[in-house]
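Novice: Got a structure for you, written out below as structure tokens; questions coming shortly.
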Amino acid sequence: MNIHHLELFYFVAKYEGITAAVRKMPYGIQQPAVSGQILQLERELGVKLFNRRPFALTPAGDELYDFLYPFFSRLGEVEARLKGEESCHLRIAASSSAMRNHLPDLLVEMRTEEPKVRFTLREVEPADIHGLLLNQQIDLAISIIYGRLMEGLQAVELLKVPLVLLVPDEWKVRRLSDMLEKDPYSNGKLSKYPLVGLPPHEILGKIFLEAFDERDIHLAPSMEVDSLDLVGNYVVRGFGVGMGVDIPGKEPPEGLRAIRLTGFPPVVVGAIYQGALKPIARDFLELARNRARALTKRK
Numbered sequence: 092m093n094i095h096h097l098e099l100f101y102f103v104a105k106y107e108g109i110t111a112a113v114r115k116m117p118y119g120i121q122q123p124a125v126s127g128q129i130l131q132l133e134r135e136l137g138v139k140l141f142n143r144r145p146f147a148l149t150p151a152g153d154e155l156y157d158f159l160y161p162f163f164s165r166l167g168e169v170e171a172r173l174k175g176e177e178s179c180h181l182r183i184a185a186s187s188s189a190m191r192n193h194l195p196d197l198l199v200e201m202r203t204e205e206p207k208v209r210f211t212l213r214e215v216e217p218a219d220i221h222g223l224l225l226n227q228q229i230d231l232a233i234s235i236i237y238g239r240l241m242e243g244l245q246a247v248e249l250l251k252v253p254l255v256l257l258v259p260d261e262w263k264v265r266r267l268s269d270m271l272e273k274d275p276y277s278n279g280k281l282s283k284y285p286l287v288g289l290p291p292h293e294i295l296g297k298i299f300l301e302a303f304d305e306r307d308i309h310l311a312p313s314m315e316v317d318s319l320d321l322v323g324n325y326v327v328r329g330f331g332v333g334m335g336v337d338i339p340g341k342e343p344p345e346g347l348r349a350i351r352l353t354g355f356p357p358v359v360v361g362a363i364y365q366g367a368l369k370p371i372a373r374d375f376l377e378l379a380r381n382r383a384r385a386l387t388k389r390k
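Using the numbering used here, read the sequence shown as starting at 92 and increasing by one per residue.
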């Protein structure tokens, strides 16, 4: 049976006639179309469902209406409940660094303004974000913005975060030039120390290594790790200099110093989303922008 034909029959039975049903249905449809589709339903079932004048359900019509009523009569209630729940549900994806350093305070502020808000948080790598957005599994993502976005996605810049190198406190290194020596095989320069960092297929790792390549500086990796949090653990143990970013409001790990890479392009962090944001996601984005401006001024 065609579900639309069943819905039309439900309204006709509920309002006791086709003319009344056409006037009171929640969407527009012409009376001849309703009549034609009800006739088609009766032909498919091989029974008459109601008498037209005066209106009266047949025994078969009564049975069908009793079966349909629990479903169709509650659709409005279920729709309202689902819309209400969804309007208070915010789904966010972000890197582990954003999850730990900035989202907690931001979500506390969000909950203060929207006490009924419910959060779903997903810790993801930047490469996974596009698929989550396109499949509508998240409302927005806080991520590095790099390269061209997939069609249908939009981005709002929040922060520009400088690149840094992490070195142990006891080193006398104070600037990038202190770490470099001439490359005997080219016009470029070599790092005196190996690099601990993210693999080049990670967006941040790619940005970092490309910035050095553009300046003819060769960094020999000694260790690749899967998060910036792990970089400091191995730099402090002598495995080399560490790839990093100068996150506003966060000090370098204990025992380490951050050397700012002056003249290097910053990493752009922003919110990425698809289509029009629902109101609660718009509110979150505005809070995120305000927090980013405050962090930038503080820095």
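Yeah, the Cβ is synthetic: ideal placement off N, Cα and C, and Gly gets one too.
#1: Out of Val247, Leu159 and Leu225, state which residue places its alpha-carbon closest to the alpha-carbon of leucine 378.
#2: Of all the options Val264, Ile371, Asp374 and Asp320, which has the alpha carbon lying nearest to the alpha carbon of glutamate 345?
#3: Can you list the beta strand (DSSP E) stretches of 3 or more residues lying completely in the region 200-230, in chain order?
#4: For valine 287 and methionine 270, which I take to be in contact (beta-carbon distance under 8 Å), what is that distance rounded to the nearest angstrom?
#5: Going by DSSP, name the residue or residues bridged to methionine 314.
#6: Can you tell me whether alanine 349 is buried or exposed? The criterion is at least 16 other CB atoms within 10 Å of its CB, across all chains shown.
#7: Keeping to the same chain, check which residues put their C-beta closer than 7 Å to that of glutamine 122; ignore five residues upstream and five downstream.
#8: Identify which residue in Lys273, Tyr325 and Val358 has its Cα closest to the Cα of tyrosine 237.
#9: Against chain C, with Cβ distances strictly below 7 Å, would arginine 209 count as a contact?
#10: Taking leucine 386 and glycine 340 to be in contact with their CB atoms under 8 Å, please state how far apart those CB atoms are, rounded to whole angstroms.
#11: In the DSSP assignment, find the alpha helix (DSSP H) that holds glycine 296 and state where it starts and stops.
#12: Given this structure, state the Cα-to-Cα distance separating leucine 132 from asparagine 93, to the nearest angstrom.
#13: Looking at leucine 254 and leucine 352, is the spacing between their C-beta atoms short of 7 Å?
#14: Taking the straight line between their C-alpha atoms, what separation do you get for glutamate 200 and glutamate 214?
#15: Check the C-beta distance from proline 37 over to serine 188 and give it rounded, since I have them as a contact under 8 Å.
#16: Kindly indicate which residue of Arg202, Ala124, Arg328 and Pro117 has the alpha-carbon position closest to the one of phenylalanine 163.
#17: Along the beta strand (DSSP E) that carries lysine 273, what are the first and last residues, could you check?
#18: Output the distance between the C-alpha atoms of histidine 193 and glutamate 272, rounded to the nearest integer angstrom.
#19: Looking only at C-alpha atoms, which of His292, Gln227 and Phe141 sits nearest to threonine 149?
#20: Where do the ends of the alpha helix (DSSP H) carrying proline 325 lie?
#21: Confirm, please, whether the CB-CB distance from isoleucine 220 to alanine 184 is below 7 Å.
#22: Where do the N-terminal and C-terminal ends of the alpha helix (DSSP H) with histidine 193 fall, by residue?
#23: Can you tell me which of the three DSSP states glutamine 245 falls into?
#24: With a 10 Å radius around its C-beta and 16 neighbouring C-beta atoms as the bar for buried, classify glutamate 293 as buried or exposed.
#25: Rounded to a whole number of angstroms, what is the C-alpha to C-alpha distance between glycine 329 and serine 282?
#26: In angstroms, rounded to a whole number, what distance separates the CA positions of glycine 137 and leucine 166?
#27: Pick from Asn226, Phe100, Gly333 and Tyr276: whose alpha carbon is nearest that of leucine 300?
#28: Enumerate in chain order the residues of its own chain whose CB-to-CB distance from alanine 383 is below 7 Å, with the five nearest sequence positions on each side excluded.
Specialist: Let's see:
#1: Translated into positions along the sequence shown, residue 378 becomes position 287. Closest option to leucine 378, Cα to Cα, is Val247.
#2: For the purposes of this step, residue 345 is taken as the residue at position 254 of the sequence shown. The shortest Cα separation from glutamate 345 among Val264, Ile371, Asp374 and Asp320 belongs to Asp320.
#3: Qualifying beta strand (DSSP E) stretches, in chain order: 209-214.
#4: Position 196 of the sequence shown, counting from 1, holds the residue named residue 287. Position 179 of the sequence shown, counting from 1, holds the residue named residue 270. Beta-carbon to beta-carbon, valine 287 and methionine 270 are separated by about 13 Å, too far to satisfy the 8 Å threshold.
#5: Position 223 of the sequence shown holds residue 314. For methionine 314, which the question treats as bridged, DSSP gives the partners Val287.
#6: As a position in the sequence shown, residue 349 is number 258, starting the count at 1. Result: buried.
#7: Sequence index remark: in the sequence shown, residue 122 carries index 31 (1-based). Once the five neighbours on either side are set aside, the close Cβ partners of glutamine 122 are Ile109, Thr110 and Val113.
#8: Here residue 237 corresponds to residue number 146 of the sequence shown, with the count starting at 1. If we check each option's Cα against that of tyrosine 237, Val358 comes out closest.
#9: Included in the structure is just one protein chain, with no chain C present.
#10: For the purposes of this step, residue 386 is taken as residue 295 along the sequence shown, with counting starting at 1. For the purposes of this step, residue 340 is taken as residue 249 along the sequence shown, with counting starting at 1. Contact holds; Cβ gap of about 6 Å.
#11: The residue labelled residue 296 in the question sits at position 205 within the sequence shown. Run containing glycine 296: 294-305, per the alpha helix (DSSP H) assignment.
#12: The sequence position of residue 132 within the sequence shown is 41, counting from 1. The sequence position of residue 93 within the sequence shown is 2, counting from 1. Cα to Cα, the separation comes out at about 8 Å.
#13: By 1-based counting over the sequence shown, the position of residue 352 is 261. By 1-based counting over the sequence shown, the position of residue 254 is 163. In this structure, leucine 352 sits near leucine 254, with a CB-CB distance shorter than 7 Å.
#14: For this step, residue 200 is matched to residue 109 along the sequence shown. For this step, residue 214 is matched to residue 123 along the sequence shown. One Cα belongs to glutamate 200, the other to glutamate 214, and the distance between them is close to 20 Å.
#15: Coverage of the chain is limited to positions 92 through 390, which leaves residue 37 absent and any answer about it impossible.
#16: Taking the sequence shown and counting its residues from 1, one reaches residue 163 at position 72. With distances taken between Cα atoms, phenylalanine 163 lies closest to Pro117.
#17: For the purposes of this step, residue 273 is identified with residue 182 of the sequence shown, where counting begins at 1. Membership of lysine 273 in the beta strand (DSSP E) is indicated by the continuous run 271-273.
#18: In the sequence shown, counting from the first residue as 1, residue 193 sits at position 102. In the sequence shown, counting from the first residue as 1, residue 272 sits at position 181. CA-CA distance, histidine 193 to glutamate 272, rounds to 38 Å.
#19: Residue numbering aside, residue 149 sits at position 58 when the sequence shown is read from its first letter. If we check each option's Cα against that of threonine 149, Phe141 comes out closest.
#20: Taking the sequence shown and counting its residues from 1, one reaches residue 325 at position 234. A small correction: the amino acid at residue 325 is tyrosine; proline does not occupy that position in the sequence shown. Taken as a continuous stretch (DSSP letters only), the alpha helix (DSSP H) holding tyrosine 325 covers 319-326.
#21: Position 93 of the sequence shown, counted from the start, is the residue given in the question as residue 184. Position 129 of the sequence shown, counted from the start, is the residue given in the question as residue 220. Between alanine 184 and isoleucine 220, the C-beta spacing is below 7 Å.
#22: Within the sequence shown, the letter at position 102 stands for residue 193. First-last for histidine 193: undefined, no H or E at that position.
#23: If you number the sequence shown from 1, residue 245 lands on position 154. Glutamine 245: strand per DSSP, three-state reduction.
#24: Locating residue 293 in the sequence shown gives position 202, counting from the first residue. It counts as buried.
#25: Sequence index remark: in the sequence shown, residue 329 carries index 238 (1-based). Sequence index remark: in the sequence shown, residue 282 carries index 191 (1-based). Cα to Cα, glycine 329 sits roughly 15 Å from serine 282.
#26: Residue mapping note: residue 137 aligns to position 46 of the sequence shown, counting from 1. Residue mapping note: residue 166 aligns to position 75 of the sequence shown, counting from 1. About 28 Å.
#27: Within the sequence shown, residue 300 is the residue found at index 209, counting from 1. Of the candidates Asn226, Phe100, Gly333 and Tyr276, the one whose C-alpha sits nearest the C-alpha of leucine 300 is Gly333.
#28: Residue 383 sits at position 292 when you count from the first residue of the sequence shown. Taking C-beta separations shorter than 7 Å and ignoring five residues to either side along the sequence, the partners of alanine 383 in its chain run Leu249 and Leu250, following chain order.
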